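Structure, as structure tokens:
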Amino acid sequence: MSVPLLSVEGLSVELSARHGKVTVVDDLSFSLEPGKTLSIVGESGSGKSMTALAIMGLLPTTGRIAHGSIHFNGQDLTQVDDATLRSIRGNQIGMIFQEPMTSLNPLYTVGEQIAEVLRLHQTLSQSDAWARAVELLDAVQIPNAVEKALAYPHEMSGGQRQRVMIAMALACRPQILIADEPTTALDVTVQAEIFELMRNLSDDMGTATILITHDMGVVAEMADDVAVMNGGKCLEYGSVEAVIDRPQHPYTRSLIASVPHLTTETLKGSAQDDVDRDALLSVRDLQVQFNVKKRFGRKEVFRAVKGVSFDLEKGKTLGLVGESGSGKTTTALAVARLVEAQEGHAVLDGKDMLSLSGEELRLARANVQVIFQDPYSSLNPRLRAAAIVREPMDNLGTMPLEERDAHVADLFQKVGLTREQMNLFPHQFSGGQRQRISIARALSTNPALIICDEAVSALDVIIQAQILDLLRDLQDNLGLTYLFISHDLGVVQQMCDEVAVMRHGEIVEFGPRNQIFAAPQQDYTKNLLAAVPSIERAQTMRKAQSA
Amino acid sequence: MSDETQSTPVKARSPFAEAFEMFTRNRSAMAGLLILIGVILVAIFGPMFTGEDPFEMVWAPFTPPGEEGYLLGTDYLGRDLMSLLIHGARVSLTVGLTAAFLTVTIGITVGALAGFYGGWVEEVLMRLTEFFQVLPTLLFSMVIVALFGATLPMITLAIGLVSWPAVARITRAEFLRIRELEYVTAARAGGVRNRDLIFRVILPNALPPIIVQAALMVGSAILFEAGLSFLGLTDPNVASWGQIIGSNRQYILDASYTVTVPGIAIFITVLAISLVGDGLNDALNPKLRER
Amino acid sequence: MTVLLSIANRFAYAVLLLVAVLVLNFTMMHLAPGDIADTIAQASGGADAEVMAQIRRDYGLDQPFLVQLLSYIAKVATFDLGYSFFYNQPVTDLIFEKVPATLLLVITAQLLALAVGVLLGVYSARHPRGIASYIVTFLALFGYAAPVFWTGILLLIAFSLKIQLFPVAGMMDASLIDAGFFAQALSVAHHMVLPVVTLASIFLALYSRLCRASMLEVLGSDYVRTAKAKGLGEREVVYKHALKNALSPVVTLAGLQFSAVVSGAVLVEAVFSWPGLGTLALQSIIARDTPTILGILFFSAFVVIFGNLLTDMVLRMMDPRLRGKA
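So the sequences go chain by chain: A, B and C.
For the first sequence, position 537 (counting from the first letter as 1) is numbered 537 according to our numbering, and the numbering increases by one without interruption.
For the second sequence, position 108 (counting from the first letter as 1) is numbered 655 according to our numbering, and the numbering increases by one without interruption.
For the third sequence, position 217 (counting from the first letter as 1) is numbered 1055 according to our numbering, and the numbering increases by one without interruption.
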């Protein structure tokens, strides 16, 4: 073992909150060797981001380091003065953040923002710094770097902005790069590109990386060493082989087990051998377009869905997958008439949803319900949980008045909530519990079709697994039909009988699950699958390397 | 960390109940509320003690406060300043509350319709709002009052007419924001009718900033009325705070209290309202509470 | 090119808005009981029916309403706002005579309020528990709750009557009518202090409070964290990265104050007998000098509309995200 570049000993971080102090990082120790990648993995609130901020000396004003030391290049960063810290930040330790959309200053060009750090630490002249900034933009593979240096952040895509952040963080060839969930806000193919870029650049410069993530797949593919955090404590720390292949702590095991594994193996229970071939939902040539802001009287039109057709059988789950902007959510919401389609048909249970209007449409809504993504905004904060679940029944009159209360109580039980919880308000529930209320609401009218719109995407992985289990159980017991929208291919593989891969408002590939995942036909599908970080693939590759 | 094992409170607490509790714990807001209640009580019951006619000449002009049994002294016509102030409180509060009510009613209607329906409805309504926003507020209401009669209802109407755009803008912004939230889409999916979407789903959730704005509107309307009556554009047969200041202004060298005291009345009343408004803002602002 | 087109677009809209204001004002005047003839007759102590009819013919009041309206709009389009019978002067001349005094008062007050407000806001945001925060809170409460005319009178009592530091009324010493520019300017500056401070008090409250809030928000933003992560010092972080962003809402708010500025000017001019547009407005309203009232209403709407346009352009210059948007 070589000498560690950074060594953290017994680090504790406290935040002062309204009701006293909260320890968000508790007695944490790890070390980072030159050129290596250490991954800190954990769910939200585990203290992983606070650890990064503590190293940078950027804790929020309410936070402070209570104990411990952070040794870097022979200095204890918890003891040095501000000026020393500033000379290290951005120079010897660079950092990139989760939200590329908000992490760049909107009022300065990206070139200026990169040049600024060079002028500061390398005392380059204005023009030299700018020339170097353009070189760096080129190095992070931004096309037309000379021109793009003059662009403002809002003129770039999310992936490009994160590249700019990387260029900025690596501008002074730091010894350490701290990346705090750098790809969580990005699409999976962009994530793969960003990771490859980070790997190449830090290899070139010999930079060591601290990668903070919630994604075990990312850990398996990127890390040399892993620290698993939960509730501010480090539960397990060791080499990636040790932690991923032979996890010791039960929490690590459940974390790994909860990851929806993407696999090329054939899974049981496919759609092929079913008798009932009648489609419950039959969508034909669906087209949706939005009027983008009018400019000088001229309308600009964005075509979100361009002629989509598919069938969905009763009791089955169809997955719509794709990256952001692929039109998957728009397609589903158009079927539910929550977004207006310009053309096409969506025949549900013999009725074309798209031809209905007025009271007829309102009543037909009983037949298709939606479970939404964001557990925090999908429930009306002014209503009690029972009233939320009851609302569709009352509005649509799908059940005699005297039976409704009993039905609500029954639904609460079905989704795993208690009778006592019926009277509570949404803000009194956790994220997972709120998703359960959403599910109960969707079930209340006995709909023929349930649309799950990224229904588990906002949840931590362990709770996500519980909610997926619940959805599957309900389907088995009640014979539900799901239109399942997700960007997460692992989840889709677990949940769906058939899969439609969407891109730019069109279905690129459609087929039974096993065909899509084991033998994809289209290049786009193959790229998408290859981009997903996978624990298994990483394990296989490591074994191949060591053999 | 498991979903199931997480303890859940059993007692239901509505967001409004939490806001109420937070408000009662806010000391300056409660002080403001107490002052405001005091002013209201004085306005209602005060005239019982000082007589019904504030314009009655009771003693020599410019009797200093405390002398001859007149706690606040007399003005340039020998009228009891205390009695004038108490009657002025009635005018200020009535005009303030009515004008604010008018403002909020127009503002919510315009803002809600514009924010909910969008499209040409929004276009038309927001152009109308913009139009009323470019009218120079005080000048315009001065003209209305001067031309159509200096009566309290006309003053109230004039204030309401020039003040509603602010409420309309806030309401619209809230509607635009809430309209996109998933629980509104869920309500639509649950068959909720448009009318109920506006009034029972979106409006209750849009209310917090509107309530705060409404509280501030009461204060602004009181100041507005005071300004108009200071300039002499008021019903000459009704005592009001601004008018007392305006009519005694020439005599500040001899009796500055005839100007400072009514000003203090306005100041304290509006300050109390503003403290209540700030308290409501803190209590209703979800950012300050845990989600 | 698109920028020019969008500016032209907004310009056209502003003109349309102005015409709408004109129509509303004129209609309102028309609907009001009594007309110019009544007012003139009243002022001159009664007139017989024939004279009244003559006056109505002179002012075109015998024409149908629509004709009167259109001819008024046509006249305004040539910058002719009519003739004031009360002052015996064209309204346009009257307004332009009074505008400089009001502009001087208003612009100085705004600049003062903005400068002090932003300084206080930034300082108190950097020291959230310091004395400046209390000053901002106090200013915000006082500036909102104190009627501006009362603040003016209090200042008058304190600094003109009790301590005789500043003059009680007017814009310049009458004795200096033939004096040189410098002496006159000095006298005007001396007369200006109290009115400017009074008028600024309302806006100072607004700006310091908003600037503090906006600065606090920006200081907690991701890009400020990025700036710190680069190793920039406190000074660059605050002034280069944070303040520039925090100013946008302050400028927006300032742009919305043009109407309030006009209102404030009317009251402050009344208190300090400042010979500006506000005083003219009050006098003409009391005298029911319809052409002057209409002229001032029109001019004020003009100031508000083009003030908004100007604010818009300043915001575009400050924020690249707004450029290129219609």
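For glycine and all other residues, C-beta sits at the position ideal for the given N, C-alpha and C.
Owing to the predicted nature of the structure, the values given are computational and were not obtained by experimental measurement.
Taking one beta carbon from each stretch, the stretch 430-438 of chain A and the stretch 333-345 of chain A have fewer than 3 pairs nearer than 8 Å; the two do not touch. For the stretch 105-128 of chain A, residues whose beta-carbon sits nearer than 9 Å to a beta-carbon of chain C comprise N105, P106, L107, Y108, T109, Q113, E116, V117, L120, H121. For R726(B), there are no neighbours in chain A by C-beta distance under 8 Å, as the nearest C-beta there is about 12 Å away.
By the Cβ-count criterion, M229(A) is buried, with 16 or more other Cβ atoms from all chains shown falling within 10 Å of its own Cβ.
Annotated as distal: W988(C) and I633(B), with beta-carbon spacing of 8 Å or more.
Inside the stretch 467-531 of chain A, DSSP marks whole alpha helix (DSSP H) runs of 4 or more residues at positions 489-495, 513-518, 523-531, from first to last along the chain. If the five residues before and after G217(A) are omitted, its C-beta is found closer than 6 Å to the C-beta atoms of P533, S534, I535, all from its own chain and listed in chain order.
At a cut-off of 8 Å, the C-beta of P985(C) has a neighbouring C-beta in chain B. Collapsing the DSSP output to three states places Y1077(C) in a helix. In the assembly as shown, E116(A) is a buried residue. Its beta-carbon has 16 or more other beta-carbons within 10 Å. The DSSP assignment places 358-364, 385-396, 401-414 as complete runs of the alpha helix (DSSP H) inside the stretch 353-437 of chain A, in order along the chain (cut-off: 4 residues).
The beta carbon of A442(A) is closer than 6 Å to those of Q369, I371, I450 in its chain, skipping five residues each way along the sequence. Taking each of K233(A), Y251(A), Q191(A), P247(A) in turn and checking the Cα distance to M222(A), the smallest one comes out for Q191(A). The three-state secondary structure of C234(A), taken from DSSP, is strand.
P174(A) is the residue among Q160(A), T183(A), P174(A) whose C-alpha sits nearest the C-alpha of A1067(C). Interface residue (Cβ-Cβ distance to chain A less than 8 Å): H965(C) is not classified as such. The beta-carbon of F678(B) is placed less than 8 Å from the nearest beta-carbon of chain C. By the Cβ neighbour-count rule, P250(A) is exposed, with fewer than 16 other Cβ atoms within 10 Å of its own. In the three-state DSSP reduction, F567(B) falls in the helix class (H, G or I). Annotation for C1049(C): the continuous alpha helix (DSSP H) segment containing it runs 1019-1057.
Contact annotation: A129(A) and L137(A) have beta-carbon atoms that are not nearer than 8 Å. Of the residues assessed, L1148(C) falls on the exposed side of the cut-off, its CB having fewer than 16 other CB atoms within 10 angstroms. Collapsing the DSSP output to three states places A1092(C) in a helix. Residues M701, I702, A705, L775, L780 of the same chain have their beta carbon placed closer than 7 Å to that of V692(B), with the five preceding and five following residues left out of the count.
Chain-order list of chain A residues neighbouring A1065(C): N105, by C-beta distance under 8 Å. A direct Cα-to-Cα measurement between V305(A) and H504(A) gives close to 8 Å. Bounds of any alpha helix (DSSP H) do not take in R246(A), whose DSSP letter is neither H nor E. With a threshold of 16 other beta carbon atoms within 10 Å, F849(C) falls short and is exposed.
Within chain C, not a single residue places a beta-carbon under 9 Å from that of R365(A); the smallest gap is close to 36 Å.
I88(A) sits in a helix when the DSSP states are folded into three classes. Counting only unbroken stretches of 4 or more residues, the alpha helix (DSSP H) elements lying wholly within the stretch 6-69 of chain A are 48-56, in sequence order.
Bounds of the alpha helix (DSSP H) holding D1150(C) are 1128-1156. The C-alpha of M56(A) lies about 35 Å from the C-alpha of R1154(C). Counting other Cβ atoms within 10 Å of its Cβ, R246(A) stays below 16 and is therefore classed as exposed.
When secondary structure is reduced to three states using DSSP, M168(A) falls in the helix class. Remark: C-beta atoms of H71(A) and S7(A) approach each other more closely than 8 Å.
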